[in-house]
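See below for the structure under consideration.
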Amino acid sequence: MRERPILFNGAMVRAILSGAKTQTRRAVKGVALDWLGKAQFTPEYVASPGNDLCPFGQPGDRLWVRESFTDLRGTGIEHRPNIDGPIQRYAYSADTLPGSPGDYARKDYGIKWRPSIHMPREACRLVLEITNVRVERLHDISEADALAEGIDREAMNGYARTGMHRSAGFAFRDLWTSTGGGWVSNPWVWVIEFNKINEVSNG
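If you want it as structure tokens, here you go:
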């Protein structure tokens with residue numbers, strides 16, 4: 001069993017925490033893309049565990065989530081969320097929505113969020129276990145899989161109230177492009193399915 005880091009934005013972290021997100025799609029690059037293109041190997045062959053081409057791992061491997069965070073040590077606001085629990089030494093922007101009391105407190109203390117790419121392993125609170133890996137074209141996503149990507153169901157419901165239908169797949173397109181991904185080119189993507197492991201204490 002191997003463990004690797006993976007980045008998620010705040011909305012996707014909240015979706016993982018709520019259990020709404022159990023899949024993620026990432027663009028295929030490098031050797032795997034060459035195999036799909038120049039060599040014309042099948043997606044099933046490229047995704048085969050024996051080839052070990054997926055940079056995120058294989059079923060049974062784990063991913064530790066990097067998210068935007070801040071180190072509370074030395075700030076004077078370390079605290080125990082539960083009276084019998086450990087001291088909370090890190091805070092996460094996914095838990096502190098803009099304009100919330102926690103956000104105002106953070107600003108009052110001059111605390112800034114650090115980018116997810118800089119999160120050390122010890123600050124991680126979420127670990128995912130990979131259950132399945134496959135390769136497919138981005139546009140091949142099903143409605144069920146689009147929902148498993150953790151799309152905003154409230155936004156979909158709000159759109160429906162206008163009298164117009166908005167599919168989960170359409171909402172996923174917005175999610176994909178919001179992270180800088182290209183949609184029109186219909187790229188090959190790794191489809192990584194996972195289970196959330198119990199949250200990790202970083203006290």
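Mind the numbering: the sequence shown is residues 1 to 203 in our numbering, read in order.
The beta carbon of each residue, even a glycine, is placed where N, CA and C say it ideally should be.
In this text the structure is predicted, and so the values were computed from the model without any measurement.
**Study point:** Assumed close pair I130, Q58 - CB separation to whole angstroms, cut-off 8 Å
**Key:** Position 130 of the sequence shown holds residue 130. Position 58 of the sequence shown holds residue 58. Rounded, the Cβ-Cβ distance is 7 Å, consistent with contact.
Review point. Hey, R73 and I6: beta-carbon distance below 8 Å or not?
Key: For the purposes of this step, residue 73 is taken as the residue at position 73 of the sequence shown. For the purposes of this step, residue 6 is taken as the residue at position 6 of the sequence shown. Cβ atoms of R73 and I6: not closer than 8 Å.
Review point. What whole-angstrom Cβ distance do L63 and L17 have, given they're in contact under 8 Å?
Key: Your numbering for residue 63 matches position 63 in the sequence shown. Your numbering for residue 17 matches position 17 in the sequence shown. No, L63 and L17 are not in contact; Cβ-Cβ is about 15 Å, not under 8 Å.
Check your understanding: What is the rounded straight-line gap between the Cα of M1 and the Cα of D145?
Key -> On the sequence shown, residue 1 is found 1 positions in, with the first residue counted as 1. On the sequence shown, residue 145 is found 145 positions in, with the first residue counted as 1. If you take the alpha carbons of M1 and D145, they lie about 26 Å apart.
Check your understanding: By Cβ distance, which residues of its chain are closer than 8 Å to N195, with the 5 residues on each side in sequence left out?
Key -> Taking the sequence shown and counting its residues from 1, the one referred to as residue 195 is at position 195. Once the five neighbours on either side are set aside, the close Cβ partners of N195 are T22, L128, E129 and T131.
Review point. From this set, G37, V46 and A20, which residue's C-alpha is nearest V135's C-alpha?
Key: Within the sequence shown, residue 135 is the residue found at index 135, counting from 1. When each option's Cα is compared against that of V135, the closest is V46.
Practice item. Go through its chain and collect everything with a Cβ distance to W35's Cβ below 6 Å, but skip five positions before and after it. Key: One-based indexing of the sequence shown puts residue 35 at position 35. Cβ contact annotation for W35 (same chain, cutoff 6 Å, sequence separation greater than five): F41 and V46, in chain order.
Exercise for review: Within the same chain, show all residues whose beta-carbon is closer than 7 Å to that of R173, passing over the 5 residues directly before and after it, in chain order.
Suggested key: Taking the first residue of the sequence shown as 1, we reach residue 173 at position 173. These residues qualify, in order along the chain: W183.
**Study point:** Three-state secondary structure assigned by DSSP to P49
**Key:** Locating residue 49 in the sequence shown gives position 49, where the first residue counts as 1. Residue state, collapsed to three classes: helix.
Point to revise | Straight-line Cα distance separating D140 from V31 | key: Indexing the sequence shown from 1 puts residue 31 at position 31. Indexing the sequence shown from 1 puts residue 140 at position 140. Going by the C-alpha atoms only, they are around 22 Å apart.
Point to revise | Residue burial classification, T96 (beta-carbon count within 10 angstroms, cutoff 16) | key: The residue given as residue 96 occupies position 96 in the sequence shown. With a threshold of 16 other beta carbon atoms within 10 Å, T96 meets it and is buried.
Check your understanding: By Cβ distance below 7 Å, which residues in the same chain neighbour P115 in space, the five residues on each side in sequence not counted?
Key -> Looking up residue 115 in the sequence shown gives position 115. S68.
Practice item. Could you have a look at L128 and say whether DSSP puts it in helix, strand or coil? Key: The count along the sequence shown starts at 1 and reaches residue 128 at position 128. L128 falls in the strand class under three-state DSSP.
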